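Take the sequence shown: its position 5, counting from 1, is numbered 12 in our numbering, and each next residue is one higher. Think of the CB as a built atom: it goes at the ideal place given N, C-alpha and C, for glycine as much as any other residue. Since the structure is predicted, the reported quantities are computational estimates derived from the model, not experimental observations. Structure first, then comments.
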Amino acid sequence: YDVDATTGLLDYDAIAQQARKEKPAILLAGYSSYPRLINFAKMKDIADDVGAVLIADIAHFAGLVAGKAITGEYNPVPYADIITSTTHKTMRGPRGGFILCTEEFADIVDKGCPLVLGGPLPHVMAAKAVAFREASQPEFCEYASNVIDNAKSLAEGLLEGGAMLLTGGTDNHLVIIDVTKYGITGRHAESALREAGITVNRNSIPSDPNGPWYTSGVRIGTPATTTLGLGAEEMKSIANIIVDVLEATIPEGSSKAKYVISSGVLESANNAVSKMLKNFPLYHDLDISE
8 YDVDATTGLL DYDAIAQQAR KEKPAILLAG YSSYPRLINF AKMKDIADDV GAVLIADIAH
68 FAGLVAGKAI TGEYNPVPYA DIITSTTHKT MRGPRGGFIL CTEEFADIVD KGCPLVLGGP
128 LPHVMAAKAV AFREASQPEF CEYASNVIDN AKSLAEGLLE GGAMLLTGGT DNHLVIIDVT
188 KYGITGRHAE SALREAGITV NRNSIPSDPN GPWYTSGVRI GTPATTTLGL GAEEMKSIAN
248 IIVDVLEATI PEGSSKAKYV ISSGVLESAN NAVSKMLKNF PLYHDLDISE
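Here it is in structure tokens:
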């Protein structure tokens, strides 16, 4: 199934219609670049209607669920038969993953480990324990809430600067910019922004004319900046920098990867980023500026 071609949003009626036609054994819900909440209650109804198992991939937003920023019908835990996730990303732990499931599927999941589902990495077990402990604290709920608030502030700033956003905004930690209005590819945008001191990744948009390699979009997340302590004011500043860089980026000839950009814009962007980060050090007790 796909998102609505006009709005970029999930169309649950269309998904239900397709499920009745295809009769899938599994209905998978969870995506890497969908900036809105997923209604898992509706997904469960669709799955039950056709006798499918509902699997929720929450790798990108597990921390927002753990931090109780995503609740109710948008929380997959009461509805999904199986949940897969990572321990990094919004969970802020080491690289790894975990699987949750109902009692019905417990034996099947257990039989898959370690040969199919994973291999134990003892050197990160303690780090995972720390991550889960942190996720159970009240401060983590504040972090999760701030992640979404910051994403919305970033989206606001980008829209005010004239950027085009997938679905017109965000309800979670992700903001997806459609860069086609600037006459560049996602590859151009990703590289130019990295040169300016801002890390994003190029990302496909629905019906992407540039395909999955060069793409027509970039994806931005707010967990890292939120962890550093940046807030709404800084998000607006970051949005301004991003728009300035995108507007100044020009393809080199017909290349979908090479580009040219004003040295003045780059210098201004790098200075702004450096100045901002000096106020939000990664390690308060260590000087790692050199």
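Member of the options whose CA lies at the smallest distance from the CA of residue i
i: I45; options: L61, P31, K30, H195; result: L61
i: C120; options: P129, K282, N157, I106; result: I106
i: C108; options: P101, P129, Y86; result: Y86
i: R126; options: R102, A138, I90, L16; result: In the sequence under discussion, the amino acid at residue 126 is Gly, which differs from the Arg named in the question. G126 has its Cα closest to that of R102, out of R102, A138, I90, L16.
i: K263; options: V250, A66, Y150, T187; result: T187
i: A113; options: D88, R209, I191; result: D88
i: H67; options: T93, V10, L200; result: T93
i: V123; options: G100, A196, G104, E167; result: G104
i: W220; options: A196, Y8, G15; result: A196
i: T97; options: L128, F139, E111; result: F139
i: V137; options: A54, P31, R99, N82; result: R99
i: M171; options: Y290, I249, A203; result: I249
i: M50; options: S261, L17, T177, E254; result: L17
i: A48; options: V84, P42, G70; result: V84
i: G224; options: L289, G236, L253; result: L253
i: N217; options: D9, D292, I191; result: I191
i: D9; options: V267, D215, L289, T234; result: D215
i: K75; options: L173, V116, E146; result: E146
i: V131; options: E149, L289, R43, H95; result: H95
i: K265; options: K135, S198, Y150; result: S198
i: N179; options: D294, P31, I77; result: I77
i: G193; options: E167, T256, E240; result: T256
i: S57; options: P42, Y41, K28; result: The question names Ser, yet the displayed sequence has Val at residue 57. Nearest option by C-alpha distance: K28.
i: S269; options: S261, T206, D251; result: D251
i: L235; options: E202, P288, G260; result: P288
i: T14; options: P42, I33, A32; result: P42
i: E80; options: Y150, D52, G176; result: D52
i: A12; options: L273, L173, L293; result: L173
i: L284; options: A134, T233, L71; result: T233
Endpoints, alpha helix (DSSP H) assigned at residue i
i: F287; result: Careful: F287 lies outside any alpha helix (DSSP H) and carries neither H nor E.
i: L166; result: 145 to 167
i: I205; result: From DSSP, I205 is part of no alpha helix (DSSP H); its letter is neither H nor E.
i: I115; result: 113 to 118
Bridge partners - residue i, DSSP secondary structure assignment
i: P258; result: Y266
i: M171; result: D185
i: D64; result: T91
i: I77; result: Answer is none; I77 lacks a bridge partner.
i: L128; result: Answer is none; L128 lacks a bridge partner.
i: V10; result: L17
Continuous beta strand (DSSP E) stretch holding residue i: start and end
i: S92; result: 89 to 93
i: A36; result: 33 to 36
i: F47; result: Segment 47 to 57 is the alpha helix (DSSP H) holding F47; no beta strand (DSSP E) there.
i: D215; result: Unbroken run through D215: none, as it is neither H nor E.
i: F105; result: 104 to 108
i: R226; result: 224 to 228
- [ ] Tell me, please, whether the stretch 237 to 252 touches the stretch 268 to 279 by the rule of three or more beta-carbon pairs shorter than 8 Å.
- [x] Short answer: they touch.
Open item on the list: With three or more C-beta pairs closer than 8 Å as the rule, is the stretch 220 to 238 touching the stretch 139 to 157?
Closed with: Touching, yes, given that three or more Cβ pairs across the two stretches are closer than 8 Å.
Open item on the list: I'd like to know if the stretch 18 to 37 and the stretch 156 to 175 are in contact, where contact means that at least 3 CB-CB pairs between them fall below 8 Å.
Closed with: The stretch 18 to 37 makes no contact with the stretch 156 to 175: fewer than 3 CB pairs, one atom from each, lie closer than 8 Å.
TODO: Check whether the stretch 26 to 37 touches the stretch 62 to 78, counting contact only when three or more Cβ pairs, one atom from each stretch, lie closer than 8 Å.
DONE: Yes, since at least three Cβ pairs between the stretch 26 to 37 and the stretch 62 to 78 fall closer than 8 Å, the two stretches touch.
Open item on the list: Using a Cβ distance threshold of 8 Å, determine whether the stretch 207 to 224 contacts the stretch 174 to 184, with at least three qualifying pairs required.
Closed with: Segments in contact, yes.
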